[in-house]
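What follows is a short report on a single structure.
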Amino acid sequence: MRLPISVFIALFLGALLVAWQNSASSQGGVAAPSGAVAATLSPLQRTFKASGSYLSDVGRVLVRRGDIAAQNSLLEARLADLEGQNARLTRLQRENQELRGLLQLPKIAGGRALAAEIVSYDASDFARLVTLNIGARAGVKAKDVVYCAQGLVGQVSQVAPLTCVVTLLIDRDGRAGAMTSRTGAKGVVQGTGERVCKLSYLDFGADVREGDTIVTSGILTGRGAIFPKGLVIGRVVKIEKDKAYSRQDAYIEPAVPFDRLSAVWVRAGAG
């Protein structure tokens, strides 16, 4: 806020008057102005004092505003730090839950269970692949089964000395012998490249219902991959029947959260 030039002139004259009065009184020189002159100039003195008080208040407000701005900056920095800590804690909690799940995995006969971490995820229109941080030096071979606490993940398709590539069950090349846990009706689960899988080669009269749990059957599929019996694959979410061809297919929602997976087990040395 800018003050008019006339106000500054008045303030200046008032300051001169006060200085002159003080000087005259202390040195016994020229007498102070008469009462009439003093009465005339007294409004200027009051204006000067009021303006000084106003400027003092403005100064305090500006100082206070600066303090508030500094406090806001500190609070914003603290908030950003807390948000970062919360994100780290959330990630650690998720990893801890996954590790707890790994400790609760069902025992699978044959081979050795090797813990591994996912180091990259390849999701394109043609493939659903992940790379693990273990490979041939750890004993991993092609077609080794990969699984986690929730169930079947896929199988090893490529092996390097220190890493391996896993073709996920949801990949178009992913497949596994499967059956319903309720009735034992058997078929083959195939990946679609999407979030759901397809259970094919079911008998037309097989008792399969929405909500049924699908598990691995332990039966060899056409691609030479044998998955241990009883690993959970997912649940039936849709059934399609074609009477013309006496055909029945079921669509499966996988139990494994492939988009959030970070740790798995590899069944090595079973073959």
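For the record, in the sequence shown the residue sitting at position 257 is 257 according to the UniProt record's numbering, with numbers rising by one throughout. Glycine included, every Cβ here is placed at the ideal spot set by N, Cα and C.
Item to check | Start and end residues, beta strand (DSSP E) containing E194 | outcome: Sequence index remark: in the sequence shown, residue 194 carries index 194 (1-based). First-last for E194: undefined, no H or E at that position.
Item to check | Distance between I226 and S200 (C-alpha atoms, nearest Å) | outcome: Along the sequence shown, one-based indexing puts residue 200 at 200. Along the sequence shown, one-based indexing puts residue 226 at 226. So the two alpha carbons sit approximately 17 Å from each other.
Next on the checklist: When you compare the segment 156–167 with the segment 175–189, are there three or more beta-carbon pairs, one atom per stretch, that lie closer than 8 Å?
Outcome noted: With the cut-off at 8 Å, the segment 156–167 and the segment 175–189 do not touch.
Checklist entry - When the Cα atoms are used, what is the spatial distance from R137 to K229? => result On the sequence shown, residue 137 is found 137 positions in, with the first residue counted as 1. On the sequence shown, residue 229 is found 229 positions in, with the first residue counted as 1. R137 and K229 have their C-alpha atoms roughly 27 Å apart.
Item to check | beta strand (DSSP E) runs contained entirely in the segment 119–163, provided each spans 3 or more residues | outcome: Runs of the beta strand (DSSP E) inside the segment 119–163: 128–132, 145–148 and 151–159.
Item to check | L202 versus R175 - alpha carbon distance | outcome: Working through the sequence shown from its first residue, we reach residue 202 at position 202. Working through the sequence shown from its first residue, we reach residue 175 at position 175. When rounded, the distance between both Cα atoms is 14 Å.
Next on the checklist: For A149, count the other beta carbons within 10 Å of its own beta carbon; 16 or more makes it buried, fewer makes it exposed. Which is it?
Outcome noted: To locate residue 149, count along the sequence shown from 1; it is residue 149. Label assigned to A149: buried.
Checklist entry - In terms of residues, what are the limits of the beta strand (DSSP E) holding T183? => result In the sequence shown, residue 183 corresponds to position 183, counting from 1. Neither: T183 is in no beta strand (DSSP E) and is coded neither H nor E.
Checklist entry - Exposed or buried, A116, counting other C-beta atoms within 10 Å across all chains shown (16 or more means buried)? => result On the sequence shown, position 116 is the one that residue 116 refers to. Classified as buried, A116 has 16 or more neighbouring CB atoms from the shown chains inside 10 Å of its CB.
Checklist entry - How would you label F258, buried or exposed, when you count the other beta carbons within 10 angstroms and need 16 or more for buried? => result Against the sequence shown, residue 258 aligns to sequence position 258. Buried is the call here.
Checklist entry - Roughly how many angstroms separate the alpha carbons of G139 and A268, rounded to a whole number? => result Position 139 of the sequence shown, counted from the start, is the residue given in the question as residue 139. Position 268 of the sequence shown, counted from the start, is the residue given in the question as residue 268. Spanning the two alpha carbons is a distance of roughly 6 Å.
Next on the checklist: Less than 8 Å between the C-beta atoms of K143 and V153, yes or no?
Outcome noted: Within the sequence shown, residue 143 is the residue found at index 143, counting from 1. Within the sequence shown, residue 153 is the residue found at index 153, counting from 1. Against a cut-off of 8 Å, the Cβ pair of V153 and K143 comes out as no contact.
Next on the checklist: Let's test the definition: count the other Cβ atoms within 10 Å of the Cβ of G84 and tell me whether it reaches 16, buried, or not, exposed.
Outcome noted: Taking the sequence shown and counting its residues from 1, one reaches residue 84 at position 84. Exposed: under 16 other Cβ atoms inside 10 Å.
Checklist entry - By the 10 Å Cβ neighbour count, where 16 or more other Cβ atoms means buried, how is A250 classified, buried or exposed? => result The residue given as residue 250 occupies position 250 in the sequence shown. Residue environment analysis places A250 among the buried positions, since at least 16 neighbouring C-beta atoms fall within 10 angstroms of its C-beta.
Checklist entry - In terms of residues, what are the limits of the beta strand (DSSP E) holding G234? => result Residue numbering aside, residue 234 sits at position 234 when the sequence shown is read from its first letter. Its beta strand (DSSP E) spans residues V232 to D242.
Checklist entry - Helix, strand or coil for I252 per DSSP? => result Mapped onto the sequence shown, residue 252 falls at position 252. Correct three-state label for I252: strand.
Item to check | Whole-Å CB distance - D171 paired with G193, under 8 Å assumed | outcome: Here residue 171 corresponds to residue number 171 of the sequence shown, with the count starting at 1. Here residue 193 corresponds to residue number 193 of the sequence shown, with the count starting at 1. With a contact defined as Cβ atoms closer than 8 Å, D171 and G193 qualify at about 7 Å.
Checklist entry - Straight-line CA distance for G66 to L79? => result Walking along the sequence shown from the start, residue 66 turns up at place 66. Walking along the sequence shown from the start, residue 79 turns up at place 79. In this structure, the straight-line span from the alpha carbon of G66 to that of L79 is close to 20 Å.
Checklist entry - Where DSSP assigns a beta bridge to E117, which residues make up the other side? => result Taking the sequence shown and counting its residues from 1, the one referred to as residue 117 is at position 117. Paired residues: A263.
Next on the checklist: If you reduce the DSSP assignment to three classes, tell me which class L89 lands in.
Outcome noted: Along the sequence shown, one-based indexing puts residue 89 at 89. The answer is helix: DSSP assigns L89 an H, G or I state.
Item to check | Nearest-angstrom Cα separation, counted from A185 out to D207 | outcome: For this step, residue 207 is matched to residue 207 along the sequence shown. For this step, residue 185 is matched to residue 185 along the sequence shown. D207 and A185 have their C-alpha atoms spaced approximately 7 Å apart.
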